[in-house]
Amino acid sequence: MDLRRLLAVAALVVAVCAATLTAAVEGFDILQILGKHDEFSQFCKLLNETHLAGDINRDRTITVLAVANGDMGHLTGGHYSLGTLRHILELHVVADYYDDKKLKQLSHAATAASTLFQRSGFAPGMAGYVNITQHRGGKVSFIVDDAADTVKPVTYVKQIESHRYDYSVLQVSGVLSSPEAEAPVAPPAPVNLTDILSKKYCKSFAGLLAADAKVFDTLNGTKDTALTVFCPVDAAVAAFMPKFKNLTAKAKTAILLYHAVPDYYSMQFLKSNKGKVTTLATTSVAKKDYTYEAESKEDTVTLDTTVVTSTIQATVRDDDPLAVYAVSKFLQPKELFKSKTADLAPAPAPEAGPKKKKKKPSSASAASAPSDESADGPSADDSSDDAADKAAAAPLSLFARWVTMTVALAIALAA
Ligand SMILES: *[C@@H]1O[C@H](CO)[C@@H](O)[C@H](O)[C@H]1NC(C)=O
Ligand SMILES: *[C@@H]1O[C@H](CO)[C@@H](O)[C@H](O)[C@H]1NC(C)=O
Ligand SMILES: *[C@@H]1O[C@H](CO)[C@@H](O)[C@H](O)[C@H]1NC(C)=O
Ligand SMILES: *[C@@H]1O[C@H](CO)[C@@H](O)[C@H](O)[C@H]1NC(C)=O
Ligand SMILES: *[C@@H]1O[C@H](CO)[C@@H](O)[C@H](O)[C@H]1NC(C)=O
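And the structure:
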């Protein structure tokens with residue numbers, strides 16, 4: 001096999017593995033794209049204030065219809081509440097991909113495209129759809145499907161940026177609106193974090209958070225913007241308490257912040273993405289990583305800190321901008337506890353054990369080693385772990401998975 005080809009495959013695998021949840025979110029940042037153009041500063045500001053920017057960034061196969069400052073009309077000037085503004089802006093986010101080329105290839109009949117207003121659940125009938133029409137001469141117009149006669153269509157101006165079949169940002173000549181989108185929206189009920197956390201599953205964890213003013217204030221201050229909390233169930237907190245009590249005050253604060261993410265991860269997002277999770281401990285403890293890997297398999301989402309693997313057991317709340325999930329184990333960061341991947345590293349173990357079987361001379365290989373070990377029963381050195389830790393079979397280390405993937409791909413390509 002060609003070495004260069006193998007290296008190329010390895011590079012590809014590394015690139016795939018290095019993808020992170022944050023990258024998935026930050027890979028497409030509507031505020032950053034529009035931020036490069038001063039003329040969209042007001043549209044940008046409203047996308048941010050209504051938290052719609054986050055939803056746009058998490059979405060795929062979308063088209064954003066941006067409006068320049070001079071064309072914002074009655075959207076600026078404080079006529080509307082944030083809730084109403086959000087609905088109007090949602091009409092500007094089409095749940096499909098349209099770039100310059102695709103618009104010009106449309107047939108002359110109107111195409112009805114669903115928008116995020118439709119998805120919000122507040123749009124009656126067809127009020128969440130936008131008609132896209134290509135007129136003679138190439139002009140393309142957008143109009144809210146259910147629009148009253150008084151509502152004028154807006155026209156396509158130019159393409160700002162596009163990423164094939166993924167996202168597209170287009171400029172339109174004015175604001176798309178409708179009486180339905182402009183309807184008053186009741187402000188969301190204030191969220192009581194303690195109340196949500198202590199209802200079910202996470203009473204003990206809520207107690208730990210409430211006892212640390214710094215942690216509580218940090219979470220409470222983030223919950224209205226974007227926050228995901230992974231709260232260990234009461235049994236997991238009880239099992240971890242002896243270790244928790246041993247930690248310094250600083251480490252206690254760090255480990256509690258480690259359970260919160262300054263971003264909103266819906267269950268749907270967690271189930272369809274994998275990668276590194278950056279936590280509130282990452283952002284508040286200088287020079288420390290404090291991240292873990294999130295992964296989803298057969299509808300089960302796991303968080304792997306390399307010390308423990310914790311599983312999401314229940315959704316306590318999943319309502320933008322706040323998500324709370326009950327997890328099976330206390331998340332122990334590798335910054336404070338011994339990582340299990342360190343144990344899996346090939347240690348130069350002296351072959352002193354009397355029970356140790358002599359390996360057959362030729363067939364011994366890295367791949368067959370683990371099964372030889374398991375025949376001898378579990379090793380005794382994980383006595384510090386609780387029973388639940390043992391029940392969760394030790395997953396392949398990331399490295400082993402990487403090697404397996406590389407080899408599999410190399411074989412596939414060589415064939
Ligand atoms: C979005 O709003 C937040 C405050 O809510 C602010 O800190 C941030 O800088 C804004 N981002 C942009 C790109 O305007
Ligand atoms: C949108 O298109 C549909 C047909 O696709 C049509 O029935 C409807 O009247 C159109 N709405 C507007 C406002 O043009
Ligand atoms: C939040 O809920 C907790 C527990 O239900 C309660 O003790 C507390 O008074 C509530 N706080 C506010 C500000 O309503
Ligand atoms: C938590 O934040 C809310 C605002 O969302 C505030 O009204 C409340 O007083 C805060 N709770 C505490 C205990 O600081
Ligand atoms: C707590 O710390 C002491 C002293 O470092 C150690 O002997 C003990 O095993 C620790 N307990 C737990 C549960 O980690």
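Position 202 of the sequence shown, counting from 1, maps to 202 under UniProt numbering, and the rest follow consecutively. For each residue, glycine too, the CB sits at the ideal point set by N, CA and C.
Which residues bound the alpha helix (DSSP H) around residue i?
i	result
THR182	At residue 182 the sequence reads Glu, which differs from the Thr that was named. Start and end: 179-182.
residue 422	The displayed coordinates of the chain run from 1 to 415. Any statement about residue 422 would go beyond what the structure contains.
GLY125	Counting along the chain, GLY125 falls outside any alpha helix (DSSP H), and DSSP gives it neither H nor E.
ALA53	52-58
LEU85	82-90
LEU34	30-35
SER43	First, the amino acid is wrong: residue 43 is Phe here, not Ser. Segment 41-49, the alpha helix (DSSP H) holding PHE43.
LYS100	Residue 100 is actually Asp in this sequence, not Lys. Its alpha helix (DSSP H) spans residues 100-104.
According to the neighbour-count rule (16 or more other Cβ atoms, all chains shown, within 10 Å of its Cβ), is residue i buried or exposed?
i	result
LYS158	exposed
SER177	buried
ARG164	exposed
LEU82	exposed
ALA206	buried
ASP376	Any answer about ASP376 is weak, because its pLDDT of 34 lies below 50 and its placement is not dependable; what the coordinates show is given next. ASP376 should be labelled exposed.
ASN246	exposed
ARG58	buried
ALA186	exposed
GLY78	exposed
ASP145	buried
ALA249	exposed
GLY121	exposed
LYS340	buried
GLY125	exposed
PRO188	exposed
LEU209	buried
PRO184	exposed
LYS223	buried
GLY221	exposed
GLY73	exposed
SER371	Low local confidence applies: a pLDDT of 34 at SER371 is under 50, so the model's placement there is unreliable, with the coordinate-based value given in what follows. It counts as exposed.
GLN268	exposed
Please list the terminal residues of the continuous beta strand (DSSP E) segment that includes residue i.
i	result
ASN131	129-134
VAL313	Per the sequence presented here, residue 313 reads as Gln, with Val not at that position. Where GLN313 is concerned, the enclosing beta strand (DSSP E) stretches over 309-319.
THR63	62-67
LEU322	322-327
LEU227	227-232
When the distance is taken between beta carbons, is residue j closer than 8 Å to residue i?
i	j	result
VAL64	ILE56	yes
residue 420	VAL307	Because the chain is modelled from 1 through 415, residue 420 falls outside the range shown and cannot be assessed.
TYR129	VAL140	no
LYS104	GLY138	yes
VAL324	VAL316	yes
THR283	THR291	no
THR300	LEU331	no
TYR201	ASP234	yes
ILE62	ALA95	yes
ASP217	THR253	no
PHE117	HIS87	yes
PRO232	LYS338	no
ILE33	GLU161	yes
ASP320	HIS51	yes
residue 416	LYS271	Since the first and last residues shown for the chain are 1 and 415, residue 416 lies out of range.
LEU46	VAL191	no
TYR167	PHE40	no
ASP99	GLY174	no
LEU303	PHE230	yes
VAL151	PHE142	no
GLY54	ALA294	no
LEU170	ILE132	no
LEU256	VAL215	yes
residue 416	ASN48	Because the chain spans 1 through 415 in this model, residue 416 falls outside it and cannot be assessed.
GLU182	THR84	yes
> Whole alpha helix (DSSP H) runs in the region 138-224 with 4 or more residues, listed along the chain?
Replying inline: 179-182, 193-199, 203-210 and 213-222
> Does the region 193-208 touch the region 87-94, meaning 3 or more C-beta pairs lie closer than 8 Å?
Replying inline: no
>> Can you confirm whether the region 256-273 touches the region 233-243 when touching is taken to mean that 3 or more C-beta pairs between the two stretches lie within less than 8 Å?
In response: no
> Which residue spans inside the region 237-302 form an unbroken beta strand (DSSP E) run of at least 3?
Replying inline: 275-278 and 291-297
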